[in-house]
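Residue numbers for the sequence shown follow our numbering, so the first one is 8 and each next one is one higher.
Think of the CB as a built atom: it goes at the ideal place given N, C-alpha and C, for glycine as much as any other residue.
The model shown is predicted, which means the values in this text are computed figures rather than measured ones.
What follows is a short report on a single structure.
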Amino acid sequence: MVTWIEQQLDQLSRENARLLQRLADSERRFRVISQGVLRVQEAERGRISRELHDGVGQALTGLKLQLDVLEREAAAGASPLIARLGELKELTERTLNDVRALSHLLRPQMLDDLGLAPTLRWLTRTFEARARVPVTFEHEGLRERLDPDVEIIVFRVTQEALNNVAKYAEASHVHVGVTCGEARLTLSIEDDGTGFDAGAALRATGEDQGCGVRGMRDRVQLFGGTFALNSVPGHGTRIDVELSLTHADKSGASDTSREQGVVPDES
8 MVTWIEQQLD
18 QLSRENARLL
28 QRLADSERRF
38 RVISQGVLRV
48 QEAERGRISR
58 ELHDGVGQAL
68 TGLKLQLDVL
78 EREAAAGASP
88 LIARLGELKE
98 LTERTLNDVR
108 ALSHLLRPQM
118 LDDLGLAPTL
128 RWLTRTFEAR
138 ARVPVTFEHE
148 GLRERLDPDV
158 EIIVFRVTQE
168 ALNNVAKYAE
178 ASHVHVGVTC
188 GEARLTLSIE
198 DDGTGFDAGA
208 ALRATGEDQG
218 CGVRGMRDRV
228 QLFGGTFALN
238 SVPGHGTRID
248 VELSLTHADK
258 SGASDTSREQ
268 GVVPDES
């Protein structure tokens with residue numbers, strides 16, 4: 008009787024081990040597929056960005072130059088068309104600036120050409136001009152070029168966090184910091200705004216997705232990183248991200264990824 012029970016337990020143990028292995032294999036396959044989807048998405052954003060810049064942007068630039076010529080020619084004869092031409096030129100210039108801004112937000116070419124530090128500097132300055140909120144950007148040990156996956160994750164998380172500050176935080180200052188070591192990169196984004204219920208944001212579903220917080224967390228964890236959100240109503244918000252800079256850690260992301268989730272400051 009004891010032998011039979013031991014055999015059954017051993018069989019159950021082996022079956023559980025097989026099921027756990029199958030689950031781990033499925034999680035690894037899902038992670039690889041999801042990483043591929045994100046890379047394809049970024050590549051498509053890059054293509055659309057180049058099309059906007061090289062196609063629509065160049066066409067609008069040409070139109071603006073032609074309007075400049077017409078405006079000068081009309082001015083010589085004091086034509087009543089001068090005012091209309093001025094309005095058309097102003098509209099063209101605004102549209103051109105909008106197209107350039109959209110192109111950069113979709114996929115900033117400078118991220119591919121110059122690297123992370125110049126791109127984050129541009130992003131924070133653009134945010135300052137748009138939101139009228141001062142930003143301190145600091146980085147330490149940041150190499151000229153990093154793994155493209157790491158660069159785009161840091162850029163997208165910073166971009167989304169700053170968008171949230173502009174929309175909801177009512178902050179008077181934002182700090183963005185990046186520290187790069189031999190094997191790890193850390194990103195911190197902190198504001199002194201109104202704060203929010205961090206737990207509710209991470210549990211949110213539907214179109215809102217917790218103001219994009221879950222999307223940031225999922226993107227980071229998909230590549231084996233850690234994501235921590237600290238926010239309490241009335242006490243500002245801080246996001247901390249840590250990413251591996253070694254390919255070995257990334258390839259084993261499903262085993263090394265750990266979720267920090269919400270670490271609320273109760274003080």
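Specify the secondary structure class of F162 as computed by DSSP and reduced to three states. Looking at F162 - three-state DSSP - the assignment turns out to be helix.
Among A124, R221, L236, which one has its Cα closest to the Cα of I246? When C-alpha distances from I246 are compared across A124, R221, L236, the shortest belongs to L236.
Whose CA, out of G200, E197, T201, D225, lies closest to the CA of R210? Minimum Cα distance to R210 is reached at D225.
Do you know whose CA, among R137, G222, N171, lies nearest G243's CA? The shortest C-alpha separation from G243 is found at N171.
Contact set for H182: own chain, Cβ-Cβ below 7 Å, skip 5 residues either direction: Once the five neighbours on either side are set aside, the close Cβ partners of H182 are T143, E197.
Going by DSSP, what residues sit across from D247 in a beta bridge? Its beta-bridge partners are S195, A235.
For E214, which residues in the same chain have their Cβ closer than 7 Å to its Cβ, ignoring the five residues on either side in sequence? Confidence at E214 is low in this model, with a pLDDT of 49, below 50, so its placement is unreliable and the value that follows should be read with caution. No residues qualify anywhere along the chain.
In whole angstroms, what separates the C-alpha of A260 from that of I12? Reliability fails at A260, whose pLDDT of 40 lies under 50, so the model's placement of it is uncertain and the value that follows must be treated cautiously. Distance from the CA atom of A260 to the CA atom of I12, rounded to whole angstroms, is 38 Å.
Per DSSP, the bridge partner or partners of H146: V185, per the DSSP bridge assignment.
Look at the alpha carbon of G148 and the alpha carbon of T193, and state the distance between them as a whole number of angstroms. Taking C-alpha positions only, G148 is separated from T193 by approximately 11 Å.
Taking the alpha helix (DSSP H) that D225 falls in, what are its first and last residues? According to the DSSP assignment, D225 belongs to the alpha helix (DSSP H) that extends over 220-229.
Which residue wins for smallest C-alpha separation from R101, given the options P141, L67, L30, E151? Distances from the alpha-carbon of R101 to those of P141, L67, L30, E151 put L67 closest.
Just to confirm before moving on: does the CB-CB distance between A176 and G206 stay below 7 Å? The Cβ-Cβ distance between A176 and G206 does not fall below 7 Å.
Cα separation between S195 and L74? S195 and L74: Cα-Cα distance of roughly 46 Å.
For the candidate residues E145, E167, S251, L127, whose alpha-carbon lies nearest to that of G222? Here the closest residue by C-alpha is E167.
Does DSSP classify S179 as helix, strand or coil? The answer is coil: DSSP assigns S179 none of H, G, I, E or B.
Quick one: grab the DSSP three-state call for V140. Coil at V140, not helix or strand.
Distance CB(L77)-CB(L98) smaller than 7 Å: Cβ distance not < 7 Å, so L77 and L98 don't count as in contact.
Member of V248, V239, V220, T253 whose CA lies at the smallest distance from the CA of T233: That would be V248, whose Cα lies nearest to the Cα of T233.
Counting only the same chain and skipping the five closest in sequence on each side, list residues whose C-beta sits under 6 Å from that of L250. Once the five neighbours on either side are set aside, the close Cβ partners of L250 are V157, L192, G232.
Tell whether a beta-carbon distance below 7 Å holds between G202 and V239. Yes.
What residue from G241, D17, L16 has the CA that sits closest to D204's CA? The shortest Cα separation from D204 among G241, D17, L16 belongs to G241.
Nearest-angstrom beta carbon gap, E145 and G184 [assumed within contact, 8 Å]: Under the criterion of beta carbons closer than 8 Å, G184 and E145 qualify as touching, at roughly 5 Å.
For R137, which residues in the same chain have their Cβ closer than 8 Å to its Cβ, ignoring the five residues on either side in sequence? A173.
Would you report the Cα separation of L26 and L19, rounded to the nearest angstrom? Their Cα atoms are separated by approximately 10 Å.
Sorted by chain position, which residues of the same chain lie with C-beta nearer than 8 Å to P125's C-beta, five sequence neighbours on each side aside? M117, listed in sequence order.
When you compare each of R132, I159, L123 to L113 by their alpha carbons, which one comes out closest? Nearest option by C-alpha distance: I159.
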